[in-house]
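Asker: Protein chains in written order, with my numbering: chain A, 61 to 264; chain B, 213 to 527; chain C, 369 to 1010.
We put the beta carbon where it would ideally sit given N, CA and C, even for glycine.
This one's a predicted model, so the numbers in the text were calculated from it and none came from an experiment.
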Amino acid sequence: MTTRVLDVSDLPMETADSRALLWWGNVGMLAIEGTMFAMLIATWLYLKTANFDWPPQSVPLPPVLWPSIALGLLVVSALFMYLLADRGAVKDDLNSIRVGHAVCAAIGVAFLVIRWKNMTELGFKWSDHAYGSVIWTILGMHTFHMLAATGETISLLVYESVWPVTKKQLLDIRCTCVYWYFVVISWIPFYFIVYVAPYYVRKG
Amino acid sequence: MTGIQSALDPAGVQAAQIHNLWHLFLWVCAAVYVVTVAFFLLALIKGRRRVEPVVDAASERRMTIAVGTGAGVTIVALLGLLTASVATGHAIGTFGNAKLEIQVTGHQWWWEVTYPHAEADKIIRTANEIHIPTGTPILVRVATRDVIHSLWMPNLHGKRDLIPGRVNKFWIEADRPGVFRGQCAEYCGMQHANMALVVVAESPADFDRWEQHQRTPAPDPKTAEQLRGRQAFLSLPCVNCHAITGTDAYATLGPDLTHLATRTTLAAGTLINNKGNLSGWILNAPAIKPGNQMPANVLDAQQLNDVVAYLESLR
Amino acid sequence: MSEYALTDERELHATWKPATGLLGWLSETGHKPIGLRYIVTAMCFFGAAGLEAALMRLQLSRPNNTLLGPDTYNQLFTMHGTTMMFLFAVPVMEGMAIYLVPLMVGTRNVAFPRLNAYGYFVYLFGGIFIYTMFALGAGADAGWFAYVPLSGPGFSPGKRVDTWSQMITFTELSALVVAIEITVTAFKQRAPGMSLNRIPLFVWSMIVTSFMILFAMPSVMLGSGFLALDRLVATHFFNQSEGGDTILYQHLFWFFGHPEVYIIFIPALGFISMILSAFTGRKVFGYPVMVSSLVFTGFMAFGLWVHHMFATGLPQLGESFFTAASIVISIPTGVQIFCWIATLWTGRLVIRTPLLYVLGFFIVFIIGGLSGVMIASVPLDLQLHDTFFIVAHLHYVLIGGAVFPLFGAFHFWFPKWTGRMFSERMGRLSFWLLLIGFNVTFFPMHLLGLMGMPRRVYTYGAQMGWTALNQLASAGAVFIVASIVIMLTNFFVSRRSGEPAGNNPWNADSLEWSTASPPPPYNFLHIPVVSGANALWDAAPDQPFVTGMRTHRREVLVTKTLDAEPDHREEIPGATIVPFFLALTTTVALWGAIFFAWWFTVGTLLSVIVLLFWFWPKREDVEEHLENERKFTLERGGEVPT
């Protein structure tokens, strides 16, 4: 009796795209965080319907300039991440990747500085009222992710400037790009909630 | 089954409607169970008898029809139950103008009862006991001073939660006289188990008499004992929490004691209202209800006797 | 076809064998040891929660009993519910999945072995955390769902509720980790030929469960997080007087809480299918309908949560929607039951202990499902909510629906885990004791609820007429305890002295039965190829298998999602102690935070450092990768940079 076999020795040993296990794990993690963010937004909406004054009268209207600059920077960084780091990883172009990471790391740090300034100038604390609690939680959670994403980008930049990069690292880089997009895209609804909604939602 | 706190012993319009719905659900669900388990047991018998599993196309088709029929029957039965449920919910939830309104405010671990009135001197304040006239739709508004409680008087209606910042409401209507019991049905802390109330359903004439009486201020002391008792009451920590209309005691932290002696229980349904229990409660409430807000009190025998005599006179 | 090389078993064994000693135990990343750890740890917590229940039944066996005071009793019912739900029921199902799913889909390990190890340690530390605090007098005491404001800063001073809410963080983190692993393993690592319509029903149930975990856990993370923030740093999410809302907590909790019970129940539905299939000798009837029912139930579970809040005074129209949804969800489960009855009807029955427990499911769970239909009705629920009727219902569905199948599964897979058969006589005895004891304990509670006995009461008056039924319920508990003791004794003794089991003592159909008992660390000598939904029964005498994988590295085969065609190979990590350290730093962050908020930052920074160790590539790995890539490219006529 012959032994029928399925020989897989021809198959590649590493991929840096959506077929990889880590890619799916990353997407799973983003699904979890995304759900958390969605529920945070739902919490904001729920408390809005439970309150006549939302935001409360004691809350000053938020600034427009610097938060919008920050948002713009973030969106731009996503483009850089995609065009340089992500496409660079697909093409195995290490220089592109390094430049992309450097630019995004710089933007990330700038964003975090602006964020710090904004948070200290909010005009209310998390312990002042429920509105403060929700807004500070939104800012806190997103900042946590921004710190993580920027930190990851800097670590990768350090690694790829000194040590050899294999396909496994290219996969890591692409997963980090996806995480970066998530951090950018998730900020957009939050930006509207924190900096735009008060102008339209407050009664009187 | 019957009992003073039983959903199976309805004494009110709403509870009766729920009870009818219960019967419908019980019989339908029991039938579903019996039929399903019968088929299940039959399947076991057939399966034990087989030598080989039967998986040919004809048999699978028969099984498909069987499963489909089962699903269809189930869906129809469930739809029927759903309809009955929604109809009952509508019936118990809507009412015309209530002839009487009662406000119940939950505290850890007692029930503050108020019968509101446009004229301030006609407002009734009592605790842990409700009187209602039979045959009369009554609006019950519920609120809480602290945590979530739930007012449940099974013989009259389902329960309603008392939620901070909200006033919930529901309608009850007793259809026969009797004495029933309600109990808190949402875990509210240490003494959740001992937060009950007495519900007295009586004829409208009896209720009117009760209502008139409750509106009067506390009776004046008639004996020396009672007089000493009132003086003691007004100088002891009692006045920090309890009110007695017609005296200088007007604090609202604890139950109103104006007509304490007309109530059948003490400590939110925990004790029968008699001299011994009242004495024990005054001396050391935390021993009876650990965690209770009412502290132990230091009184000598004479003082205790006098205070109890006074409180027992508060008819 | 090129020359193939049959796998070198010795090298495969050397690559996959677990490390030994204490260091080895802490560095374990194999899915079978970790799965068994989850199960054993969960059963320890089951025992603790069972003791708590026994004490409660003792207290309630007499009116005005003074065995336990209110504070102790309130902690006991809270710890019982919390332990059963968070530290037993979900982890034990996870453990079963971690052990079985890779074997059932025909791979060597889960997709993320280090994450798996981390998840277990986080779960273990979370359980140790809450029980340490319990022993120190700071046991949670606000109920297993801890409604505000009772659980808030105003009415629950001290660390009790902080401990409770932080323990949730531990266990939910662990559950989320497992959910990701199971999903990725089940979708990407299936043996060639195992297309979606050939996936074993237990794996399907775990896929559905994992998706549910993914979308439900964040809600309780937020709810318990907001509670912790309200208590520790004075936020006002639930503070009515500062714009917060009491009911928000209930929405956040139950949006998780309802799917949670299905997260516990759906894996059990998977067990039933696997066991029924083996003991009827046929595939479960109606595979597509079974899978659709699982998926539909998983979706619908998210649309029921308000039925826990019917007494809070929400608008009637909204409540009716949730009544309808709560009734409709019984339809797919009912259809599954009908399909199983059809399977039994047309199968050839072999009665053994695993099957007995599954048959017990039918008798017990259906009662729970029907009492569930009753309380789905708002008017009925207004009477029955928060009474012993609910206690009866939840135990009928959880014990009938999850524990009976789970114990059946323990007996079913015991030979695979240990290589030995258990005592069939002891198995049957433990089954009958459980069936009888359970019904004697919990059936009377339906009546107690109707007769007015609320939940969570440490005592009741003699005049209420509840005494006799309470005594009956307490008596039944003795049988339950006896059943568990006999079952555990059966397992302990049979581990050493049971009959050798062989690969497939039940002649079952899924892949785990094709390998040795217990399986070798690499699971299969050759990754199998699958030709049907019942892998072993549909296998040809010369069923092909996979060759050409590397044996000096821990390599798994990654296949395409829909049809499981081989796609590429990936190396997964071996033994490492880093996950253990990450779990330690996580514990520092979470446990410390309830005492002093800055511990959270310290713990997070420490975790970042450990994560650097986790992710930093090893020099020799990088060099081998580069070498492989060079060879791979050259063999295909490509060019490599010099």
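Going by C-alpha distance, which of B:Ile314, B:Ala310, B:Met402 and B:Ile336 is nearest B:Leu363?
Answerer: Per the Cα distances, B:Ile314.
Asker: So what does DSSP say about C:Met369, is it helix, strand or coil?
Answerer: Because C:Met369 sits at a pLDDT of 34, beneath the cut-off of 50, its placement in the model cannot be relied upon, and the point is left open.
Asker: If we ignore side chains and look at the alpha-carbon of each, how far apart do C:Ala669 and B:Asn486 end up?
Answerer: Distance between the alpha carbons of C:Ala669 and B:Asn486 is about 52 Å.
Asker: Check each residue of the segment 540–558 of chain C: if its Cβ is closer than 9 Å to any Cβ of chain A, include it; give the result in chain order.
Answerer: Hits within the stretch, in order: Leu544, Ala547, Ile548, Glu549, Thr551, Val552, Thr553, Phe555, Lys556 and Gln557.
Asker: Based on Cα-Cα distance, which residue from C:Leu738, C:Tyr617, C:Val718 and C:Gly681 lies nearest to C:Ile699?
Answerer: For the residues C:Leu738, C:Tyr617, C:Val718 and C:Gly681, the minimum Cα distance to C:Ile699 belongs to C:Leu738.
Asker: Can you tell me whether C:Ser370 is buried or exposed, with buried defined as 16 or more other CB within 10 angstroms of its CB?
Answerer: Because the pLDDT of C:Ser370 is 37, which lies under 50, any placement of that residue in the model is unreliable, and the number read from its coordinates should be weighed accordingly. Its Cβ having fewer than 16 others within 10 Å, C:Ser370 is exposed.
Asker: Mind checking who B:His343 pairs with in its DSSP beta bridge?
Answerer: DSSP, once it has assigned bridges, lists B:Val412 as partnering B:His343.
Asker: So, is the C-beta of B:Cys241 closer than 7 Å to a C-beta in chain C?
Answerer: Taking Cβ atoms only, chain C reaches closer than 7 Å to B:Cys241, which makes this a yes.
Asker: Around the Cβ of B:Asn380, are there at least 16 other Cβ atoms within 10 angstroms (buried) or fewer (exposed)?
Answerer: B:Asn380 comes out buried.
Asker: When the distance is taken between beta carbons, is C:Thr446 closer than 7 Å to C:Val516?
Answerer: The answer is no: Cβ separation not under 7 Å.
Asker: Rounded to the nearest angstrom, what separates A:Pro127 and A:His202 at their Cα positions?
Answerer: So the alpha carbons of these two residues sit roughly 14 Å apart.
Asker: The segment 690–707 of chain C: which residues have C-beta closer than 8 Å to a C-beta of chain B, in chain order?
Answerer: Hits within the stretch, in order: Thr691, Ala692, Ile695, Val696, Ser698, Ile699, Gly702, Val703, Ile705, Phe706 and Cys707.
Asker: List the residues of chain B whose Cβ lies closer than 7 Å to the Cβ of C:Phe523, in chain order.
Answerer: The contacting residues are Asp358, Val359 and Gly401.
Asker: Any idea which residues DSSP pairs C:Val926 with across the strands?
Answerer: Answer by DSSP bridge pairing, in chain order: C:His936.
Asker: List, in order along the chain, the chain C residues whose C-beta lies closer than 8 Å to that of B:Ile230?
Answerer: Simply Pro747, Leu748, Leu750 and Gln751.
Asker: For B:Leu483, which residues does DSSP report across the bridge?
Answerer: DSSP, once it has assigned bridges, lists B:Leu478 as partnering B:Leu483.
Asker: For the ligand MN, I want to know if C:Ile699 counts as a neighbour, meaning its beta carbon is within less than 6 Å of at least one of the ligand's heavy atoms.
Answerer: With respect to small molecules bound, the structure shown includes none, and the ligand MN cannot be examined in it.
Asker: Can you list, in chain order, the residues of its chain whose CB lies under 7 Å from that of C:Met363, leaving out five sequence neighbours each side?
Answerer: What the structure shows of chain C is the stretch from 369 to 1010, and residue 363 of chain C is not part of that stretch, so it cannot be assessed.
Asker: Applying a beta-carbon distance threshold of less than 8 Å, which residues of chain C neighbour A:Ala91?
Answerer: Correct list: Leu582 and Phe583.
Asker: Could you tell me the boundaries of the beta strand (DSSP E) in which B:Cys396 lies?
Answerer: Unbroken beta strand (DSSP E) run through B:Cys396: Gly390 to Cys396.
Asker: Would you mind stating whether C:Leu564 and C:Leu930 have Cβ atoms separated by less than 7 Å?
Answerer: Taking 7 Å as the Cβ cut-off, C:Leu564 and C:Leu930 qualify as a contacting pair.
Asker: Within a Cβ cutoff of 6 Å, which residues of the same chain sit near A:Tyr241, ignoring the five residues on either side of it in sequence?
Answerer: Closer than 6 Å at Cβ, skipping near neighbours: Ala138.
Asker: DSSP state of B:Asn380, grouped into three classes?
Answerer: Correct three-state label for B:Asn380: strand.
Asker: Which residues in chain B have a C-beta closer than 9 Å to the C-beta of C:Leu818? List them in chain order.
Answerer: Result: Met213, Ser218, Ala219, Leu220, Trp234 and Pro366.
Asker: Measuring only between beta-carbons, confirm whether C:His920 sits less than 7 Å from chain A.
Answerer: It does not: the Cβ of C:His920 has no partner Cβ on chain A nearer than 7 Å.
Asker: So for A:Ser69, helix, strand or coil by DSSP?
Answerer: In this structure, A:Ser69 counts as coil in the three-state DSSP scheme.
Asker: Across the segment 844–862 of chain C and the segment 502–513 of chain B, are there enough close Cβ pairs to call them in contact, namely three or more that are closer than 8 Å?
Answerer: They do not touch, by the three-pair rule.
Asker: Would you say the segment 148–165 of chain A touches the segment 573–580 of chain C, given that touching needs at least three Cβ pairs under 8 Å?
Answerer: Verdict: no, contact absent.
Asker: Does chain A have any CB closer than 7 Å to the CB of C:Tyr372?
Answerer: Here the model assigns C:Tyr372 a pLDDT of 46, short of 50, so the residue's position is not dependable, and the following value carries that caveat. Closer than 7 Å: yes.
Asker: Based on DSSP bridge pairs, tell me the residues matched to C:Ser862.
Answerer: Paired residue(s): none; C:Ser862 is not in a bridge.
Asker: Below 8 Å CB to CB, which residues in the same chain sit around C:Phe1000 once its five sequence neighbours on both sides are set aside?
Answerer: For C:Phe1000, where only same-chain residues beyond five positions count, there are no Cβ hits under 8 Å.
Asker: Quick one: is C:Pro438 near chain B, going by C-beta distance under 7 Å?
Answerer: Taking Cβ atoms only, chain B reaches closer than 7 Å to C:Pro438, which makes this a yes.
Asker: Mind checking if A:Pro72 is an interface residue toward chain C, Cβ cutoff 7 Å exclusive?
Answerer: Chain C contact via Cβ: present.
Asker: Between C:Tyr372 and the rest of its own chain, which residues show a CB-CB distance below 7 Å, the 5 nearest in sequence each way excluded?
Answerer: Here C:Tyr372 scores only 46 on pLDDT, less than 50, and its place in the model should not be relied on; the value that follows carries that caveat. So the qualifying residues of the chain are Thr915 and Gly916.
Asker: Please work out which residues of its chain come closer than 7 Å, Cβ to Cβ, to C:Thr648, disregarding the five sequence neighbours upstream and downstream, and give them in chain order.
Answerer: Result list for C:Thr648: Thr711, Leu712, Gly715, Arg716 and Leu717, in chain order.
Asker: Quick check on A:Gly88 - is its C-beta less than 7 Å from some C-beta in chain C?
Answerer: Yes - at least one Cβ of chain C is within 7 Å of the one on A:Gly88.
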